[in-house]
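**Student:** All the letters of the sequence shown, read from the start, carry residue numbers 11 to 293 under our numbering.
Glycine is no exception: its CB is placed at the ideal position from the N, C-alpha and C atoms.
Below are the structure tokens for one structure; questions will follow.
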Amino acid sequence: MTLRLHALITGAALFLLSFGGSALADGIATPWQMNFQEAASPVMERIEDFHNLLFWIITAITLFVLVLLIYVIVKFNEKANPVPSKTTHNTFIEVVWTVVPIIILVVIAVPSFKLLFYQDKYENPDMTLKVVGHQWYWSYSYPDQGGFGFDSQIVQEEDLKPGQPRLLTVDNSVVLPIDTNIRVLQTADDVIHNWAMPAFGMKLDAVPGRTNENWVRITKTGDYYGQCSELCGVGHAYMPIHVKAVTKEEFAAWVATAKAKYADSMPAPAAEEAQVKVAQAKN
Ligand SMILES: [Cu+2]
């Protein structure tokens, strides 16, 4: 009997561990995942902390209401309490049930606003990534690395190589350095899209005609996946995001090759200079 029990407990522990293991996979959702993807940015770490704070507050409130309900059911049912009291007001209780929820809301609001301001903007970032949403793909450019840019399209299921995740693999991935404060500017050229990266704690609408901004500091190298999170038409599910986070040295090397690969997309400095000269000559 004890052996059986032991086997059962070990089995249950392994089962739970496998859940924990799957939740720890980097940058991608996994089957039976029970929690967030592992945080890969300080913003996401804080979102998790805030989530945990809310979890305990919600749990306490739910248990308190449950206890009250059971108390009422047992103490004031018709059999136990045949003659109900006619009391309608109790000033003390009314003050308590007004003041206590206010205190709870303040306890939630303070860290919530702190987090909102923290994730909104990073003053003096180290570099900028520009993201443009299209029906139905993303395009990226690196304005302070020479201004090159490229489109990033989904890889169709039949073209996937072994190990590439379905509906998340793209032809040209975004490459970003770790331990770097990156400003992400977002816009769209047709309808509203949303560049959402769960492991970074990023989810911001890309709106045509305006530039929205948020930021990320990636803490670990690896592959991170996200998706468009604003219903944007029939191809909405087919515009994934793949961010390859690399070291600063690898990023510098990639920029050098990318400049050559995407040379067509770069603003031509010679032509611009010529225009300026013509303009100056006219004056
Ligand atoms: Cu979209």
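Going by CA-CA distance only, name the one from H252, A119, A209, I80 that's closest to V141.
**Tutor:** H252
**Student:** Buried or exposed: L241, going by 16 or more other Cβ atoms within 10 Å of its Cβ?
**Tutor:** exposed
**Student:** Assign S204 to one of two classes, buried (16 or more other C-beta atoms within 10 Å of its C-beta) or exposed (fewer than that).
**Tutor:** Reading the sequence as shown, one finds Asn at residue 204 and not Ser. Buried, by the Cβ-count rule.
**Student:** Just verifying my parser: in three-state terms, what is the DSSP assignment at D274?
**Tutor:** Residue state, collapsed to three classes: helix.
**Student:** What is the C-beta distance between S51 and T229, in whole angstroms, given that I count them as a contact (C-beta under 8 Å)?
**Tutor:** 6 Å
**Student:** Smallest Cα separation from D130: which of I67, T101, N222, L79?
**Tutor:** N222
**Student:** In angstroms, rounded to a whole number, what distance separates the CA positions of F86 and I103?
**Tutor:** A straight line joining the alpha-carbon of F86 with that of I103 spans about 18 Å.
**Student:** Which class does P218 belong to by DSSP, given the choice of helix, strand or coil?
**Tutor:** strand
**Student:** Since A206 sits in a beta bridge, which residues does DSSP pair it with?
**Tutor:** K213, Q237
**Student:** Quick one: what's K254 bridged to in DSSP?
**Tutor:** In the DSSP output, where bridge partners are listed per residue, K254 has V185, D233.
**Student:** Compute the minimum distance between the beta carbon of M212 and the heavy atoms of ligand 1, and state whether it is under 6 Å.
**Tutor:** False, no ligand heavy atom lies under 6 Å from that Cβ.
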